[in-house]
Amino acid sequence: MGIEPVRAIRVPSVPFQGIKKWDGTRDSLPHTFLTDESKLSGHAKEIYFPSDESQLATLLRYLNRTGGHATISGMRTGVVGGAVPQGGSVICMENMDSLIGLGKDQQGYFVRVQPNMTLRSLQRILRQRYSSLPALQPGVGEEMDAQGPFFYPVDPTEQNGSLGGNVAANSSGARSFRYGPTRDWVRRLRVMLPNGDILDIVRGEHGFQGRECKVVTEDDVIHLRLPSYDFNRGVKNSAGLYCHEDMDLIDLFIGSEGTLGVITEIDLRLMPSYPVLSILVFFPDDGKALSFVADLRLSSSIRPDLIEYFDEAALGLIRDVKAKGGLRKLPCPPSYAGSAVFLDLPAGAEDISSVLESIRPLLRMHGGSPERSWCLHDRRGREMLRDFRHSIPETIFQHVGGLKGKNPDIHKMGTDVSVPDAAFPEMMEYYAQTLRSKGLRWVTFGHVGDNHPHVEVILHDMDDFRKAKDACQAFAHKAVQLGGSPSAEHGIGKLKREYLPLLYESQGCKELQALKRSVDPNGVLNRGNLMEW
Amino acid sequence: MKIVVMVKQVPDAENVELDPQTGNIRRDGAERMLNPYCEFALQAAVSLREEGDVVVVVTMGPRSAEEALRYCLERGADRAYLLTDKDFAGSDAWATATVLSRFLQLHEPDHDIVLTGRQAIDGDTGQVPAELAVISGLEPFYHVRSVSKQDGMWRVTQDYGDEVRELMIAGSCVLSIASGSLEPKVPSMVDVQEAQGKPLKVLDRESLDLKKSEAGLAGSRTRVVKIVNQVHTRASQKLQGTPAEMADGILQAGGWI
Chain A
-3 MGIEPVRAIR VPSVPFQGIK KWDGTRDSLP HTFLTDESKL SGHAKEIYFP SDESQLATLL
57 RYLNRTGGHA TISGMRTGVV GGAVPQGGSV ICMENMDSLI GLGKDQQGYF VRVQPNMTLR
117 SLQRILRQRY SSLPALQPGV GEEMDAQGPF FYPVDPTEQN GSLGGNVAAN SSGARSFRYG
177 PTRDWVRRLR VMLPNGDILD IVRGEHGFQG RECKVVTEDD VIHLRLPSYD FNRGVKNSAG
237 LYCHEDMDLI DLFIGSEGTL GVITEIDLRL MPSYPVLSIL VFFPDDGKAL SFVADLRLSS
297 SIRPDLIEYF DEAALGLIRD VKAKGGLRKL PCPPSYAGSA VFLDLPAGAE DISSVLESIR
357 PLLRMHGGSP ERSWCLHDRR GREMLRDFRH SIPETIFQHV GGLKGKNPDI HKMGTDVSVP
417 DAAFPEMMEY YAQTLRSKGL RWVTFGHVGD NHPHVEVILH DMDDFRKAKD ACQAFAHKAV
477 QLGGSPSAEH GIGKLKREYL PLLYESQGCK ELQALKRSVD PNGVLNRGNL MEW
Chain B
605 MKIVVMVKQV PDAENVELDP QTGNIRRDGA ERMLNPYCEF ALQAAVSLRE EGDVVVVVTM
665 GPRSAEEALR YCLERGADRA YLLTDKDFAG SDAWATATVL SRFLQLHEPD HDIVLTGRQA
725 IDGDTGQVPA ELAVISGLEP FYHVRSVSKQ DGMWRVTQDY GDEVRELMIA GSCVLSIASG
785 SLEPKVPSMV DVQEAQGKPL KVLDRESLDL KKSEAGLAGS RTRVVKIVNQ VHTRASQKLQ
845 GTPAEMADGI LQAGGWI
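Residue numbers (this note's numbering), protein chains in the order written: chain A, -3 to 529; chain B, 605 to 861.
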C-alpha cells in the first residue's frame, strides 16, 4: 500500500440558491426526517437535499463558515439514532440514489452506486439484463450476462436501508455468518471530507503507517492518528471506529457513522449467484433449537450461508399479530412449534435430496423432524421466509412507535451483543436471568450463527423502558467481560455512546475525539454520533 | 378420483420488463413464477383430495415450465405433465385450449374434474378455461370461489361480486377458480424431497397426435396486432366552500361518494 500522503480532490462550489431546501421550525418539518427506526425524536432547523457532490460541498463549506452543523440522512432505517438530528440542519441524500455502472477489476465484477440506493433496488438491478445497464468499461454488461447472474452477498435484513447507510454503519445481517460484514465487500469509496474536499479511496491503495496517515487537501494537511486501541475483530462488531496498525485507509470510513465524511460513491463487489435452499426447522423448545445450532456449527459437511434463530416468544409474537389479522401474506407458525432455526443451504436442483438427507440425523438428534419444517427454493418463497424473519423486528418497531403518544421519550430496547463461541451459552443464560428478575417480557431472534441473536424487550410503559435500559447496560458490560461486542451490527449512534468507554476506556474515547477533531475541527458532521460534541 | 389442474408459468410479476417497441413482456432472462390464479386452482384441488385420489398437474410451455410443475408437486400434486414443443410457440387461447384438450382426451380421459386458474397474469385473456371446456365437450363454470364433493356431485360456489351462487354439478366439468387463500402453503423438507421422485412426463406435439396446423401460431385464430401501454394520469382539484357546495363540486366533476 502507498505510504505517500493521500491527496484530496477539490470540488467546485455552486450557487447556494440552487440547492433544494425545506425551511422550518421543529413543528413544521416532517417528523419522518427527524427520527429513524429507533423512534428517537430529534429536531432541526432545515433540511437540504443536495443532488450532486458540488451541491454537497457547497453546503459543507457554508456550514463551516457559519458555525452550522448537519446530520446526514439516508433512508433512516438505523436503530441507534445515527440519522436523528440534535439541532442544526439535516442533509438528506435521497437525490443521490442512482446506479453509476457495472465494472470489473482483477478481482472480479463490482457495481458502483450513489449512497442512497437501497439494498432492495440493488438486488432488483442485479436481476436485470446487465447489458442494458450503464457500464464503467465497454463490454462489461455483456460479459456479466454470459457469466451471471450475480448477487451482492451482504444481507442486512432491512431491504429499504441505503447502501451509504450500510457502509457508514458497516451493516452485516444474517449472511455475515458466511460472507462477513459490508466492510469485506467495499472495493472503493468516494468520501467528502467536512471541508468539502473529496477522498477517492480504492482498497489496497492507501493505508496507515502504524497508526499515522497524512491527507493533503487544497489548503491544509490533515494528520490522521488512530486511537491506540485495537478494534475487536474476533467477533461480529460495529462498536466505534475500526482501528488497528497498518490498516487500509478505506476501513477508517467504513463504520465511522458519518462522523468523518459523507459517502458519495460506493463500489461493491459482486459474486456469481447460486441456487439456495431455505429451510425453517421447528423444535419443541428453545433449548433443543440452541443445541441443534451448537452441533450444526461444528459440522464439517453442512455449510449454511446463515443460521437464524426464533425463540418461543418470537414465534408467539407472529402468531399474535396474525390472530389480529396482520401479516396476511405470511404463514402462521404451526401450533407444535416451540422454537425455530432458519438456514440457507447452497443446493442446486440435483443436490436437493442429498442436502436434505445430510441434515436429517442432526435434526432428529435434537428433537426436530423433516416433517416439521418449511423448505423453499424459489426466489419468492425464500423472500417470504426472509419477510417472516423480518416481521419480528418490524412488529416491535411498530409496537414501540405506538407507545410514543403516551410516552414521547420511549424508544426500542434491544440487544445487539455478540460474544465468542465459548461464551455464548453463558450470555444466553444471563439474558434470561436478568430480564426475568426484572419482570420483563422479551423475544429472542436473529443471528445465532454469529452468537448474536437480538433480545428485544416488549415494552409497555416508561417503567418497563427504564428497567430494560438497565438490563441492556448490564448486557453490554457482560458482553465486554466475555470478550464480545455490545454493538455487533447496529453501530453506536446516539443511543449506545455509553458503551464506548466500556470498550476503550476514557483514553480510547479521548483519542477518538482527537481523531474526529483533526478531520472535522468545527464539528460540522453528525454531531452526537459515537461521541458527544 | 382424478383431479386435473391446468397451470401456467408466468414472468415474475415483480420483475417484468416491457419491450418498448412491441409492448410485449420481455421473457428472456426474466424470472418466472406459477401464475397466482393457478395457485388457487392447486389449493382447491389439494383440498378436494381424499385418500386414494390423484391430483395431476399439467402445463403447456417451454422447458423452464418444469419449475412450475415441481412447485406444484412440492405442494400436493401427485404427478405432472409438461406439454412442450417448438411448434406450440405463439399459441393463442384457442390453440392452447386445443393442445390441453387433446392431452385430456389421450392421456387422462378418466378425469373427474378439471380445475384452472381464472386467467394468467401475463396474457390476461381468461378464455382458456371456456375454450378448453367447449373443445372437450365439458361445461365451464367461472368465478368459482370454492368446490367440494357432496352426494357424488360437485358443490360449487360462484362469486359474482354482487351475487353468490351455489351449484350442484354432476360429472366432470371445467372450473375456473377465481380466488383462494393468500396465506402461502409452505412445503416441508419431506414434501420437497418427495417431489423429486414424483413422475413428471414430457409430451411433444406428436405424442399428442396434433398436426402442425392445430397448435402454435398456425393453430391460432387470433393475432395480437398491437399492444399499447396506457399511462393513467390523475389530476387533483381543490374544492372550497360549504360542505354542500363541495359536495356539488364533486358531483359536477363526475365523482361519486
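Every residue, glycine too, gets a C-beta built ideally from N, C-alpha and C.
Query	Result
What residues in its chain sit with their C-beta under 7 Å from that of Val451/A, if we drop five residues either side in the sequence?	Gly410, Thr411, Tyr427, Trp438, Thr440
Report all residues from its chain with a CB closer than 6 Å to the CB of Phe393/A; omit the five preceding and five following residues, and keep chain order.	Glu33
Using a cut-off of 8 Å between C-beta atoms, extract the partners of Pro791/B located in chain A.	Trp370, Cys371, Leu372
In the region 652 to 676 of chain B, which residues sit with their C-beta less than 9 Å from some C-beta in chain A, listed in chain order?	Glu671, Arg674, Tyr675
Looking at Ser50/A and Ser9/A, is the spacing between their C-beta atoms short of 8 Å?	yes
My output table needs one value for Ile861/B: the three-state DSSP class, helix, strand or coil.	The predicted position of Ile861/B is uncertain, since its pLDDT is 47 and thus under 50; no value can be drawn from it.
Since Cys209/A is in the beta strand (DSSP E), which residue starts that stretch and which ends it?	208 to 212
Please return the same chain residues whose Cβ sits closer than 7 Å to the Cβ of Pro517/A, not counting the five positions on each side in sequence.	none
Which residues, taken in chain order from the region 320 to 339 of chain A, show a beta carbon closer than 8 Å to some beta carbon of chain B?	Arg324, Lys325, Leu326, Pro327, Cys328
If you draw a straight line from the C-alpha of Lys805/B to the C-alpha of Ala799/B, how long is it?	13 Å
According to DSSP, is Arg186/A part of a helix, a strand, or is it coil?	strand
Could you name each continuous beta strand (DSSP E) segment of 3 residues or more that falls completely within the region 49 to 86 of chain A, going from the start of the chain to the end?	66 to 69
Do three or more CB pairs link the region 259 to 275 of chain A to the region 211 to 227 of chain A at distances below 8 Å?	no
Quick one: residues in its chain with C-beta nearer than 7 Å to the C-beta of Val790/B, no 5 flanking neighbours on either side, listed in chain order?	none
So within the region 671 to 742 of chain B, which uninterrupted alpha helix (DSSP H) runs reach at least 4 residues, ignoring any that extend past its ends?	697 to 711, 732 to 740
Under 8 Å, with one C-beta from each stretch per pair, do the region 487 to 495 of chain A and the region 66 to 80 of chain A reach the 3-pair mark?	yes
If you compare alpha carbons, which of Met605/B, Arg674/B, Ser668/B, Tyr675/B is closest to Leu653/B?	It should be noted that the sequence gives Arg, not Leu, for residue 653/B. For Arg653/B, the nearest C-alpha among the options comes from Met605/B.
How big is the Cα-Cα spacing for Ala285/A and Gly363/A?	8 Å
Using a beta-carbon distance below 8 Å, is Pro357/A in contact with chain B?	no
Counting only runs that start and end within the region 28 to 52 of chain A, where is the beta strand (DSSP E) found for 3 or more residues in a row?	42 to 45
Output, in chain order, the set of chain B residues within a Cβ distance shorter than 8 Å of Pro366/A.	Ser792, Met793, Val794, Gln797
As a quick exercise: from Gly74/A, Ile43/A, Thr73/A, pick the residue whose alpha carbon is nearest that of His65/A.	Ile43/A
To the nearest angstrom, report how far apart Leu98/A and Phe147/A are at their CA atoms.	12 Å
Taking only three categories from DSSP, how would you classify Asp852/B?	helix
Do Asn525/A and Thr255/A have their beta-carbon atoms positioned less than 8 Å apart in this structure?	yes
Is there a Cβ of chain B sitting closer than 8 Å to that of Leu313/A, yes or no?	no
Could you pull the DSSP bridge partners for Gln841/B from this structure?	In DSSP, Gln841/B forms no bridge with anything.
Decide if Met380/A is buried, meaning its Cβ has at least 16 other Cβ atoms within 10 Å, or exposed.	buried
With a cut-off of 8 Å, does the C-beta of Ile861/B fall near any C-beta of chain A?	Low confidence applies to Ile861/B: its pLDDT is 47, below 50, so where it sits in the model is not reliable enough to give any reading.
On the DSSP bridge assignment, give the partners of Ala131/A in chain order.	Leu98/A
Along chain A, in chain order, which residues have C-beta atoms closer than 9 Å to that of Gln613/B?	Ordered by position in chain A, no residue passes the 9 Å Cβ test against Gln613/B, which lies about 11 Å from the chain.
Check for me: the alpha helix (DSSP H) holding Phe644/B runs from which residue to which?	640 to 652
Give me the Cβ distance between Gly169/A and Thr73/A, rounded to the nearest whole Å; I'm assuming they're in contact under 8 Å.	That pair is no contact at about 12 Å.
Can you name, in chain order, every residue of its own chain whose Cβ lies under 8 Å from the Cβ of Val520/A, other than the five neighbours on each side?	Leu56, Leu59, Asn60, Gly64, His65, Ala66, Pro190
Would you call the CB atoms of Phe692/B and Ala819/B closer than 8 Å?	yes
Between Val2/A and Asp216/A, what straight-line distance do the alpha-carbon atoms span, to the nearest angstrom?	12 Å
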